[in-house]
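Down below is the structure, laid out as structure tokens.
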Amino acid sequence: MKNGVFDICDEYNRRFKTLRVSLTNHCNLGCTYCVPLGEKNVNKKNGNILNVENLIITVRTLHDMLQLNTIRLTGGEPLLYPELIPFIKAIKKINIPNIKMTTNGYTLAGKAKDLKAAGLTGINISLDAVERNAFYIISRRKNLSKILEGIDHSIDAGLRVKINCVLMKGVNDHQIIPLFRYAMDKNIPIRFLELMKMGHLHNNYQHYLFTQAEILEVLSNEFSFSSLKRTPGSTANYWHLPGGYEFGIIANESEPFCNDCDRLRLDSYGNIFGCLSSNTALNITECLHDKKKLGNQLQRALHHKKTKFYGSGLSMKSIGG
Ligand code: SAM
Numbered sequence: 020m021k022n023g024v025f026d027i028c029d030e031y032n033r034r035f036k037t038l039r040v041s042l043t044n045h046c047n048l049g050c051t052y053c054v055p056l057g058e059k060n061v062n063k064k065n066g067n068i069l070n071v072e073n074l075i076i077t078v079r080t081l082h083d084m085l086q087l088n089t090i091r092l093t094g095g096e097p098l099l100y101p102e103l104i105p106f107i108k109a110i111k112k113i114n115i116p117n118i119k120m121t122t123n124g125y126t127l128a129g130k131a132k133d134l135k136a137a138g139l140t141g142i143n144i145s146l147d148a149v150e151r152n153a154f155y156i157i158s159r160r161k162n163l164s165k166i167l168e169g170i171d172h173s174i175d176a177g178l179r180v181k182i183n184c185v186l187m188k189g190v191n192d193h194q195i196i197p198l199f200r201y202a203m204d205k206n207i208p209i210r211f212l213e214l215m216k217m218g219h220l221h222n223n224y225q226h227y228l229f230t231q232a233e234i235l236e237v238l239s240n241e242f243s244f245s246s247l248k249r250t251p252g253s254t255a256n257y258w259h260l261p262g263g264y265e266f267g268i269i270a271n272e273s274e275p276f277c278n279d280c281d282r283l284r285l286d287s288y289g290n291i292f293g294c295l296s297s298n299t300a301l302n303i304t305e306c307l308h309d310k311k312k313l314g315n316q317l318q319r320a321l322h323h324k325k326t327k328f329y330g331s332g333l334s335m336k337s338i339g340g
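All the letters of the sequence shown, read from the start, carry residue numbers 20 to 340 under my numbering.
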């Protein structure tokens, strides 16, 4: 602490500027990379889950300490959080400049206008296939059309929309071109994600990994493009087509972006995680009123940040993808 102000910073000059909040670990899709076959996708209601008032206090206190630039609401599936709209309105009052959400979009249609009016500034919608059968195989759910409708509603509502697609070799890599054309037709950026070694695939991810180089090769058979300079702190590398359309690749495996990572994660139980590659949860519910203790927990979380991505056995839906 310097002159009464905490500067939580590590030897690589990394600071927490983006907070990812997992509002719930419950999800209504069963994506094969996230949910092991046979797992009942239910929320464990053990009474520890933060209610909306406590969640707002937690975020406000973290923002006071860290002067966050961005909060991203995720999960689990954030649209399943019953107090989502009041929560977004409260965050807006806290004055975090960017309020974003990552959602599977399954129940988004009809909600986009209210989300925008509440203060949401951007939305990343996960879409791993645009063909019905391929969508069913990867997500284990039908009704792809509900998500496509949610995407249209979000565009109409004036939200900044991006599509995220996790690729699994032999499962949905044949969807690269159809997804790319779908996103380009709507003029919304698509980002392809290399599979991360998280959760039940932690030790078996190589089998399914479809790399940045492979993605670029598939795209270059149909399109020409050139690379853009990476923005510091960004998760994605970007390219653009001669007409101006931009797309990205989140190459966690081939080109990890740990060196300037600014992300802190908060789960729905009030635990913070400083790094996806550390499954050490640090509870902060008891130290919100004690800045020194909270500062220590944040410094410990920052200390967990690795300089290389190792992943962990934790599923993205509990730690907040
Ligand atoms: N339910 C929301 C959704 O589907 O967007 C938010 C939570 S989900 C865990 C957040 C993001 O993490 C999604 O884009 C999802 O595809 C991605 N994800 C989950 N597990 C992953 C993995 N092992 N590798 C790469 N991305 C993963």
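Where is the CB? At the ideal position from N, CA and C, for every residue including glycine. Small disclaimer: the values here were computed from a predicted structure and weren't measured.
Any non-hydrogen atom of the ligand FAD closer than 8 Å to residue i Cβ
i: T89; result: The model on display carries the ligand SAM but not the ligand FAD.
Between the CA atoms of residue j and residue i - distance to the nearest angstrom
i: V237; j: S243; result: 11 Å
i: A300; j: L69; result: 15 Å
i: S255; j: K132; result: Note that residue 255 corresponds to Ala in the displayed sequence, not to Ser. Their Cα atoms are separated by approximately 27 Å.
i: S287; j: G314; result: 20 Å
i: F199; j: K108; result: 34 Å
i: V190; j: D147; result: 10 Å
i: N240; j: I234; result: 10 Å
i: M335; j: M84; result: 26 Å
i: L98; j: T37; result: 20 Å
i: E58; j: P261; result: 45 Å
i: I166; j: N123; result: 7 Å
i: M120; j: S273; result: 26 Å
i: H172; j: G129; result: 7 Å
i: V61; j: L92; result: Note that V61 has pLDDT 48, beneath the 50 cutoff, so the model's placement of it is unreliable and the number below is only indicative. Near 19 Å, if we compare the C-alpha coordinates of L92 and V61.
i: T89; j: C280; result: 13 Å
i: I75; j: S245; result: 42 Å
i: D204; j: K310; result: 49 Å
i: K64; j: L317; result: Residue confidence for K64 is low, a pLDDT of 47 falling below 50, so the modelled location carries little weight and cannot support an answer.
i: I174; j: I209; result: 14 Å
i: I269; j: Y52; result: 16 Å
i: G66; j: L42; result: A caution first: G66 carries a pLDDT of 45, below 50, which makes its placement in the model unreliable, though a value can still be read off. The alpha-carbon atoms of G66 and L42 are separated by roughly 14 Å.
i: D29; j: Q194; result: 40 Å
i: A266; j: I182; result: Note that residue 266 is Phe in the sequence shown here, rather than Ala. Spanning the two alpha carbons is a distance of roughly 10 Å.
i: I355; j: K312; result: Because the chain in this structure spans residues 20 to 340, residue 355 falls outside the shown range and cannot be described.
i: L163; j: T126; result: 11 Å
i: N116; j: M215; result: Residue 116 is actually Pro in this sequence, not Asn. P116 and M215: Cα-Cα distance of roughly 29 Å.
i: V149; j: E305; result: 45 Å
i: I170; j: I144; result: 7 Å
i: T326; j: N278; result: 6 Å
i: S337; j: N44; result: 5 Å
i: I207; j: I142; result: 11 Å
i: L247; j: Y264; result: 12 Å
i: K111; j: R39; result: 15 Å
i: G332; j: N222; result: 8 Å
i: L87; j: L81; result: 8 Å
i: S296; j: Y155; result: 29 Å
i: Q231; j: H308; result: 45 Å
i: S158; j: G339; result: 18 Å
i: R284; j: N73; result: 16 Å
i: I291; j: N298; result: 10 Å
i: L48; j: E96; result: 9 Å
i: N26; j: R282; result: In the sequence as displayed, the identity of residue 26 is Asp instead of Asn. Near 15 Å, if we compare the C-alpha coordinates of R282 and D26.
Enclosing alpha helix (DSSP H) for residue i [first to last residue]
i: S337; result: 335–338
i: H219; result: Note, H219: premise wrong, no alpha helix (DSSP H); not H, not E.
i: G267; result: Run containing G267: none in the alpha helix (DSSP H); it sits in the beta strand (DSSP E), 265–269.
i: L321; result: 310–322
Unbroken beta strand (DSSP E) run spanning residue i, endpoints
i: R39; result: 37–41
i: F229; result: F229 -> no beta strand (DSSP E), and no H or E assigned at all.
i: L56; result: It is not in any beta strand (DSSP E) - L56 carries neither H nor E in the DSSP assignment.
i: L19; result: Here the chain covers residues 20 to 340 and nothing more, so residue 19 does not appear.
contact_flag[the segment 220–234, the segment 176–188] where n(CB pairs < 8 Å) is 3 or more: Note that the segment 220–234 touches the segment 176–188; at least 3 beta-carbon pairs, one per stretch, sit closer than 8 Å.
The segment 124–137 touching the segment 97–107, judged by at least three CB pairs closer than 8 Å: These segments touch.
Alpha helix (DSSP H) runs wholly inside the segment 61–116, at least 4 long, in chain order: Segments of the alpha helix (DSSP H) lying fully in the segment 61–116: 71–85, 103–113.
Complete runs of the alpha helix (DSSP H) confined to the segment 121–200 [at least 4 residues]: Along the length of the segment 121–200, whole alpha helix (DSSP H) runs at least 4 residues long occupy 131–137, 151–158, 163–175, reported in chain order.
Contained beta strand (DSSP E) runs [length at least 3] in the segment 232–297, N- to C-terminal order: If you keep only unbroken beta strand (DSSP E) runs of at least 3 residues inside the segment 232–297, you get 256–259, 265–269, 282–285, 290–292.
At least 3 beta-carbon pairs within less than 8 Å: the segment 24–34 vs the segment 317–324: A contact exists between the segment 24–34 and the segment 317–324.
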